[in-house]
Amino acid sequence: MKKKIFAIFILIAIAANAQTVNLSVFDTNYYHKYKGQNLSVNVYNWGEYISDGSDGSLDVNKLFEELTGVKVNYSTFASNEEMYVKLKVGGIQYDVIIPSDYMIERLIRENLVRKLNYNNIPAHTNIANRFKNLPFDPTGEYSLAYTWGVTGIIYNKTLVSENADEIDWKILFDKKYQGQILMYYNPRDAFGIAQAYLGYSLNTTNESELRECAKLLKTQKPLVQSYVMDEMYDKMEAGEAAIGVYYAGDSLTMIDNNPDLNFVIPKKGANLFVDSICIPASSGAPELGEMYINFLSEPEIALANIEFINYASPNDGAIAIMSTEIKNNKIIYPDQETLDNCEVYITLPDETNILMEDLWNEILSNDTTYKGWVIPVALGVIVLLCVVIIVLKKMKRREN
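Letter by letter, the sequence shown follows residues -18 to -1, 1 to 382 of mature numbering (1 follows the signal peptide of the UniProt record, and there is no 0).
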């Protein structure tokens, strides 16, 4: 995920007070206990989902290393599903991951994450109570909220004739925008759009409803320019597409880079997501992971991250020192009426996930009338060429 840098006055304040923050705001007795031990913590997060020092922003990982003496090995993923496969297959041992709500529920169910020791995470008290014990982690033992946000439609005002209040999910199925629409390249979010458009729950397990959604997405396919994830930025910012679907925080980044863009949360509802921090069951250094989680939950660090990535914060400490401009931004913090129309994903049964994956693969595959014969014909041509080459070689030998 690409994110926006935070405001200049925030940057100046943090830069000017970096030493003060290190010595006064943070509990050095807590953060220094592993110094000099040559340890490291492996973190797996969404791309560009942390303040990383670019464009003069605060480098959160570097500050953690300086404060604790613990090296951060940081890698990124593009989707929950990519993260899940990496975690499931193993090979690389992660100590901290930041998945979304429905994926956390799945990880808990499959024993892929471990319970947090909140004695090692004193800053957890900064997280608002309404973001604790959520449906995907009802006991709150496995995850601590990092950010939250909503999905919606980003569009180019110079290429779309409708006004903001006229834009809803139906615009993604309008033939007049053929070749100008960008869609999610993951099944859960793509089906979520179809479900919202058709008035179904984003968590439906009804097979007939899912098949109807698949039929709608197949009908939409000729209108779609491309199925993308992070490629959304370049295409929308360059004006290569008129309409896309993406996350609110990332959309603000694109709007910042191209003022012709705007973002709308459809009235028929959208996905409200919560990304939370967990420790994998396979972690070799859970205590270091908990220290890293604590660091991200410090108000000053949470603010730096939120200002950089443009997502809403569940951290009351960060909100207390946040600018009024950010608090009043309706894209970051939608009004309650909008939120009431949104729905949080939950983990679906295995049979539903399998059905959705199969239907999604059918949607992305070539037309069935084409794919049925193209592969056999291609293989036949290859075999024929091999036979011809062999025959020619034998004829050449006989001539010699």
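Ideal Cβ placement from N, Cα and C applies to all residues, glycine included.
| request: Between the Cα of ASP34 and those of ASN287, ILE345, TYR315 and ASN244, spot the shortest distance and give me the residue it belongs to. | output: ASN287
| message | Taking the straight line between their C-alpha atoms, what separation do you get for LYS250 and VAL7? | response | Approximately 44 Å, taken between the alpha carbons.
| message | For GLU87, tell me which candidate among ILE135, SER347 and PRO331 has the shortest Cα-Cα distance. | response | PRO331
| query | In angstroms, rounded to a whole number, what distance separates the CA positions of residue 468 and MET338? | reply | Outside the shown range of the chain (-18 to 382) lies residue 468, about which nothing can therefore be said.
| For VAL326, the three-state DSSP class (helix, strand or coil) | coil
| Reference SER22; option with closest CA among ASN168, ASP147 and SER265 | Between SER22 and the set ASN168, ASP147 and SER265, the nearest pair of CA atoms involves SER265.
| Bridge partner(s) assigned by DSSP for LYS53 | SER22
| field | Minimum length 3: unbroken beta strand (DSSP E) runs contained in the segment 171 to 213 | value | 206 to 210
| request: Using a Cβ-Cβ cut-off of 7 Å, state whether ASP332 counts as contacting chain C. | output: Of the protein chains in this structure there is only one, and it is not chain C.
| query | Going along the chain, which residues of its own chain have a beta-carbon closer than 8 Å to the beta-carbon of ARG91, five neighbours each way excluded? | reply | THR329
| query | Between which two residues does the alpha helix (DSSP H) carrying THR121 extend? | reply | It is not in any alpha helix (DSSP H) - THR121 carries neither H nor E in the DSSP assignment.
| said: Is it buried or exposed, ASN188, if we count other Cβ atoms within 10 angstroms and call 16 or more buried? | reply: Flag for ASN188 reads exposed.
| query | Taking the DSSP output, what are the residues bridged to ARG96? | reply | ILE261
| request: Return helix, strand or coil for ASN253, following the three-state DSSP convention. | output: In this structure, DSSP gives ASN253 an extended state, which the three-state scheme calls strand.
| Straight-line CA distance for residue 398 to ALA267? | This structure cannot settle anything about residue 398, because the visible part of the chain is limited to -18 through 382.
| message | Suppose you measure from the CA of LYS44 to the CA of ALA105; what does that come to, to the nearest Å? | response | 20 Å
| query | Where do the ends of the beta strand (DSSP E) carrying residue 386 lie? | reply | No answer is possible for residue 386: the residues shown for the chain start at -18 and end at 382.
| query | Can you name, in chain order, every residue of its own chain whose Cβ lies under 7 Å from the Cβ of ASN297, other than the five neighbours on each side? | reply | ASN108, ILE109, SER279, PRO281 and ALA284
| query | Any idea if THR129 is buried or exposed, counting beta-carbon neighbours within 10 angstroms, 16 or more meaning buried? | reply | buried
| request: Could you work out which residue in ASP212, ILE261, LYS15 and LEU234 is closest to ASN168 when comparing CA atoms only? | output: Out of ASP212, ILE261, LYS15 and LEU234, ASP212 has the C-alpha closest to the C-alpha of ASN168.
| request: Could you name the residues of the same chain whose beta carbon sits closer than 8 Å to that of ASN93, not counting the 5 residues immediately before and after it, in chain order? | output: For ASN93, same chain residues with a beta-carbon under 8 Å away, outside a window of 5 residues either side, are ALA263 in chain order.
| field | Alpha-carbon to alpha-carbon, ILE153 and GLU183 | value | Inspection of the sequence shows that residue 183 is occupied by Ser rather than by Glu. Going from the Cα of SER183 to the Cα of ILE153 covers about 20 Å.
| Since PHE245 is in the beta strand (DSSP E), which residue starts that stretch and which ends it? | Per DSSP, PHE245 belongs to the beta strand (DSSP E) from 243 to 246.
| request: Check whether the segment 235 to 246 touches the segment 63 to 77, counting contact only when three or more Cβ pairs, one atom from each stretch, lie closer than 8 Å. | output: no
| message | Can you tell me where the alpha helix (DSSP H) holding ILE288 begins and where it ends? | response | 281 to 291
| message | So the candidates are LEU180, GLY131, GLY181 and ALA196; which of them puts its Cα closest to the Cα of LEU321? | response | GLY131
| Considering TYR228, what are the terminal residues of the beta strand (DSSP E) in which it resides? | 225 to 229
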